[in-house]
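Counting in numbering that gives the first Met the number 0, the sequence shown runs from 0 upward without gaps.
Ideal Cβ positions, reconstructed from N, Cα and C, are used throughout, including at glycine.
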Amino acid sequence: MTKAELITEIAISTGFDKTTISAIVESYMSHVKKCMAKGENVYLRGFGTFELKERKEKVARNITKRSTVVVPAHSVPAFKPAKEFKAAVEAVKPGAKKATKK
0 MTKAELITEI AISTGFDKTT ISAIVESYMS HVKKCMAKGE NVYLRGFGTF ELKERKEKVA
60 RNITKRSTVV VPAHSVPAFK PAKEFKAAVE AVKPGAKKAT KK
């Protein structure tokens, strides 16, 4: 599902117009990004947690130049689903994925 499809679905289910829903979705995503950029996790009870995970410094290889590169320690965003979310997804049978439009 794309962001546009999500906005359409929410607009249909709530009765609000798409421009209002679009502004809400954009604002939500902006606030999540701002919080995470400040180092804060975002907890949504029953849905999940947007959290920062720390990656340690490591040595990697540049295979084209045949040299090693030190990748510094850094944070990466991650999503950890809530138990209810996991249970709902696990209930879906393998191969039951809905066909997507391209």
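By DSSP's criteria, residue i is part of a beta bridge. Which residues make up the other side?
i: T67; result: R60
i: F84; result: DSSP lists no partner for F84.
i: L43; result: G47
Taking its Cβ as the centre, do 16 or more other Cβ atoms sit within 10 Å of residue i, making it buried, or is it exposed?
i: I20; result: buried
i: I11; result: exposed
i: I62; result: exposed
Skipping 5 residues on each side, what residues in its chain have a beta carbon closer than 7 angstroms to that of residue i?
i: I9; result: I20
Leaving out five residues before and five after residue i in sequence, what residues of the same chain have Cβ atoms less than 6 angstroms from its Cβ?
i: V102; result: This structure cannot settle anything about residue 102, because the visible part of the chain is limited to 0 through 101.
The stretch 43-59 in contact with the stretch 74-94 per 3-pair CB rule at 8 angstroms: yes
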